[in-house]
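K.L.:
Just so it is clear: in the sequence shown, position 27 is 27 by this note's numbering, and no numbers are missing.
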Amino acid sequence: MEMPEKIYISPWDEFLKEKRCKDPGFFKNLNSEEDWLKLEKEFIKGGGTFGRIEISS
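1. Quick one: what's got a C-beta closer than 6 Å to I53's C-beta in the same chain, skipping five residues either side?
2. Roughly how many angstroms separate the alpha carbons of F27 and R20, rounded to a whole number?
3. Determine the closest residue to L39 out of I55, G51, D13 and S56, with distance taken between C-alpha atoms.
4. Using the C-alpha atoms, what's the distance from M3 back to L37?
5. For the alpha helix (DSSP H) holding E34, just list the boundary residues, first then last.
Here you go:
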């Protein structure tokens with residue numbers, strides 16, 4: 001019996017990719033620590049986690 005391959009994703013990375021897809025200049029607007037803190041709060045408020053999540057293929 002073959003074991004499914006383990007794949008890990010980072011919800012934080014996926015969140016940032018989604019933001020960048022919606023706005024190609026997204027990272028240019030993050031100029032201060034305060035901007036990053038607001039972004040992190042938005043991520044956490046949406047139920048995000050900074051750990052990795054294991055998924056099987």
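From the three backbone atoms N, C-alpha and C, an ideal C-beta is built for every residue, glycine too. Keep in mind it's a predicted model, so treat the numbers as computed, not measured.
P.N.:
So, to answer that:
1. The residue you call residue 53 lines up with position 53 of the sequence shown. Correct list, in chain order: I9.
2. As a first step, residue 27 must be located in the sequence shown, where it is residue number 27. As a first step, residue 20 must be located in the sequence shown, where it is residue number 20. In a straight line, the C-alpha of F27 is about 7 Å away from that of R20.
3. Taking the first residue of the sequence shown as 1, we reach residue 39 at position 39. When only C-alpha atoms are compared, the closest one is D13.
4. Numbered from 1 along the sequence shown, position 37 holds the residue referred to as residue 37. Numbered from 1 along the sequence shown, position 3 holds the residue referred to as residue 3. Each residue's alpha carbon lies about 40 Å from the other.
5. Numbered from 1 along the sequence shown, position 34 holds the residue referred to as residue 34. Start and end: E33 to K45.
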